[in-house]
Amino acid sequence: MKRYCLAVDLVDDPQMIAEYEGYHKKIQPEIHKSITSAGITVMDIYRIGNRLFMIMETEDDFSFETKAQMDADNPKVQEWEQLMWKYQQALPTAKPGEKWVLMEQIFAL
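Residues 97 to 205 (my numbering) make up the sequence shown, in order.
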């Protein structure tokens, strides 16, 4: 098992944040399948203010590159990502076009 932590910001608007959370209360079956079929076994998203923090646990052979290619080939995922981008905004440290940014682990117990 591998664990990854990522972050992204939301547009700082209470109504838009509520809408975003509403979409995540029951995601589309195609989106759920795209997550699990890529080898992601756990995906939790937390929010404070307009900052989101995601914890992903994956199978050992998980690859961000493979997941990106699977997503690029899936019209439903592309539709979902385009919709979510309406609510998300890049972190100040993100590269152009980058949404979720992989965080560096600095402590473990």
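Don't be surprised by glycine CBs; every beta carbon is placed ideally from N, CA and C. Treat the numbers as computed from the prediction; the structure is a model and nothing was measured.
Residue of ILE141, ASP167 and TRP196 minimising C-alpha distance to ALA134: Taking the sequence shown and counting its residues from 1, one reaches residue 134 at position 38. That would be ASP167, whose Cα lies nearest to the Cα of ALA134.
Alpha helix (DSSP H) segments (min. 4 residues) lying fully within the region 171–201: 171–181
Report the three-state DSSP secondary structure of ASP167 (helix, strand or coil). Position 71 of the sequence shown, counted from the first residue, corresponds to residue 167. Three-state result, ASP167: helix.
Inter-residue Cα distance where the pair is LYS172 and GLN165: Counted from its first residue, the sequence shown places residue 172 at position 76. Counted from its first residue, the sequence shown places residue 165 at position 69. When rounded, the distance between both Cα atoms is 13 Å.
Are the CB atoms of LYS195 and GLN184 within a distance shorter than 7 Å? Translated into positions along the sequence shown, residue 184 becomes position 88. Translated into positions along the sequence shown, residue 195 becomes position 99. In contact: GLN184 and LYS195 (Cβ atoms closer than 7 Å).
Tell me whether the beta-carbon of MET152 lies closer than 7 Å to the beta-carbon of ILE141. For the purposes of this step, residue 152 is taken as residue 56 along the sequence shown, with counting starting at 1. For the purposes of this step, residue 141 is taken as residue 45 along the sequence shown, with counting starting at 1. Contact: no.
Using the rule of at least 16 other Cβ atoms within 10 Å of the residue's Cβ for burial, across every protein chain shown, is ILE131 buried or exposed? By 1-based counting over the sequence shown, the position of residue 131 is 35. Under this definition ILE131 is a buried residue.
Beta-carbon within less than 6 Å of TYR100's beta-carbon, same chain only, minus the 5 sequence neighbours each way: which residues are those? Residue mapping note: residue 100 aligns to position 4 of the sequence shown, counting from 1. Around TYR100: MET152.
Reduced DSSP secondary structure (H/G/I, E/B, other) of ALA114: Taking the first residue of the sequence shown as 1, we reach residue 114 at position 18. Three-state DSSP puts ALA114 in a helix.
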